[in-house]
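Reviewing the structure listed below.
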Amino acid sequence: MDSKLTHGVEERSAPLIPLHAGHRERLRERARIGGLAAVPDYELLELFLFRSIPQRDVKPLAKALLSRFGSLSATLTAEDEALKQVSAADSRGRMLKIGPETALDLKLLQEVCLRVGRETVKQRPVISSWSALLAYIRVALAHEPREQFRVLFLDKKNQLILDETMNRGTVDHAPVYPREVMRRALELSSSSVILVHNHPSGDPNPSPADIDMTRRVIEAGKPLNITVHDHLVVGRDGVASFKALRLM
Numbered sequence: 012m013d014s015k016l017t018h019g020v021e022e023r024s025a026p027l028i029p030l031h032a033g034h035r036e037r038l039r040e041r042a043r044i045g046g047l048a049a050v051p052d053y054e055l056l057e058l059f060l061f062r063s064i065p066q067r068d069v070k071p072l073a074k075a076l077l078s079r080f081g082s083l084s085a086t087l088t089a090e091d092e093a094l095k096q097v098s099a100a101d102s103r104g105r106m107l108k109i110g111p112e113t114a115l116d117l118k119l120l121q122e123v124c125l126r127v128g129r130e131t132v133k134q135r136p137v138i139s140s141w142s143a144l145l146a147y148i149r150v151a152l153a154h155e156p157r158e159q160f161r162v163l164f165l166d167k168k169n170q171l172i173l174d175e176t177m178n179r180g181t182v183d184h185a186p187v188y189p190r191e192v193m194r195r196a197l198e199l200s201s202s203s204v205i206l207v208h209n210h211p212s213g214d215p216n217p218s219p220a221d222i223d224m225t226r227r228v229i230e231a232g233k234p235l236n237i238t239v240h241d242h243l244v245v246g247r248d249g250v251a252s253f254k255a256l257r258l259m
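Here it is, written out as structure tokens:
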């Protein structure tokens, strides 16, 4: 059976012909009339895939993505190789598979979401826009397959200077160097920081190692008058705040 890659989709079997134009227009019309907020996740993803994969019945592929990764946000944060392993048969039994172009389109959508969230956080002091901050870091980290340690560097008005990934690690560990955190804070003229890392296991509860590391970063900042406002641990089940848990 012949196989070729077209518009980010690996097609096996019949040549390309227009399919489901009527369904696509009906779905677009429902979205226009009812508003996108009323569209379920699989149809929202389907609407997006219309642009990446023309002339195809992409509903099975949208459902397969959500089934494989569990949610829309997890789909957008999935690694390229994992995305490319997802396939589904269309209404004619032809296999559609996520190709490199469609995988890139999904990552572009994720990046747009991240930048919009970052802009919202940067517009106001982080401390007074806490819900926006939590929403932003959940989009960024809740479904990351490997642990990341990030630092939000803040100015004297507690506005975000920079969100920087200081280290990436394995599924359960990302090394943290307190002196490096403070060196970077001095370079950026940052008055305070918020530490952020994720637990790929999904459980955001801090570990003893997390608690020990946080105390070491706090101690490293004291002689430099750099405050650690909080340490946020992100998991699929939520976000844990060291300050709220009275761990600092």
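Quick note on this note's numbering: the sequence shown kicks off at 12 and runs consecutively. In this text, a Cβ means the ideal position worked out from N, Cα and C, and glycines have one as well.
Spatial distance of residue i from residue j (CA atoms)
i: arginine 195; j: serine 203; result: 11 Å
i: valine 150; j: leucine 125; result: 7 Å
i: leucine 145; j: valine 250; result: 7 Å
i: threonine 88; j: leucine 115; result: 11 Å
i: serine 46; j: arginine 39; result: At residue 46 the sequence reads glycine, which differs from the serine that was named. Those two C-alpha atoms are separated by around 10 Å.
i: tyrosine 188; j: leucine 117; result: 33 Å
i: threonine 86; j: phenylalanine 80; result: 6 Å
i: alanine 220; j: arginine 43; result: 50 Å
i: glutamine 96; j: glutamate 90; result: 10 Å
i: lysine 74; j: isoleucine 229; result: 45 Å
i: leucine 83; j: arginine 157; result: 19 Å
i: glycine 104; j: serine 98; result: 12 Å
i: methionine 177; j: valine 192; result: 8 Å
i: leucine 256; j: methionine 224; result: 16 Å
i: arginine 161; j: serine 102; result: 44 Å
i: isoleucine 172; j: methionine 106; result: 47 Å
i: glycine 33; j: glutamate 175; result: 46 Å
i: threonine 238; j: leucine 55; result: 42 Å
i: glycine 197; j: alanine 100; result: A small fix is needed here, since residue 197 is leucine in this sequence, not glycine. Straight-line Cα distance between these residues: approximately 55 Å.
i: methionine 259; j: arginine 37; result: 54 Å
i: leucine 27; j: leucine 72; result: In this prediction, leucine 27 scores a pLDDT of 45, lower than 50, which makes its location untrustworthy; the coordinate-derived value is nonetheless stated afterwards. C-alpha separation (whole angstroms): 17 Å.
i: alanine 253; j: tryptophan 141; result: It is phenylalanine, not alanine, that sits at residue 253 in the sequence shown. Cα to Cα, phenylalanine 253 sits roughly 14 Å from tryptophan 141.
i: tyrosine 288; j: threonine 113; result: Here the chain comprises residues numbered 12 to 259, so residue 288 is not present and cannot be evaluated.
i: serine 63; j: isoleucine 148; result: 27 Å
i: isoleucine 205; j: valine 137; result: 10 Å
Assigned exposure category for residue i - 16 Cβ within 10 Å defines buried
i: valine 123; result: exposed
i: glycine 110; result: buried
i: arginine 35; result: buried
i: aspartate 248; result: exposed
i: alanine 49; result: exposed
i: arginine 67; result: buried
i: glutamate 57; result: buried
i: proline 51; result: exposed
i: serine 201; result: buried
i: lysine 168; result: exposed
i: leucine 119; result: exposed
i: proline 186; result: exposed
i: glutamate 268; result: As shown, the chain starts at 12 and ends at 259. That puts residue 268 outside it, with no answer to give.
Three-state secondary structure (DSSP) of residue i
i: phenylalanine 80; result: helix
i: alanine 146; result: helix
i: valine 123; result: helix
i: serine 200; result: coil
i: lysine 95; result: coil
i: lysine 233; result: helix
i: proline 219; result: helix
i: histidine 34; result: helix
i: arginine 257; result: coil
i: aspartate 214; result: coil
i: serine 139; result: helix
i: tyrosine 53; result: helix
i: glutamate 40; result: helix
Residues that residue i bridges to, as DSSP identifies them
i: methionine 177; result: The partner list for methionine 177 (beta bridge, DSSP) is empty, contrary to what the question assumes.
i: histidine 242; result: Leu206
i: glycine 46; result: Glycine 46 pairs with nothing; no bridge assigned.
i: valine 69; result: None; valine 69 has no bridge partner.
i: alanine 85; result: In the DSSP output, where bridge partners are listed per residue, alanine 85 has none listed.
i: methionine 106; result: Ala100
i: leucine 171; result: Leu165
i: serine 252; result: Leu243
i: phenylalanine 160; result: Asn178 and His208
For the stretch 207-220 against the stretch 234-247, do three or more pairs of beta-carbon atoms, one drawn from each stretch, fall closer than 8 Å, so that the two count as touching?
yes
With a cut-off of 8 Å, do at least 3 Cβ pairs link the stretch 229-240 to the stretch 127-134?
no
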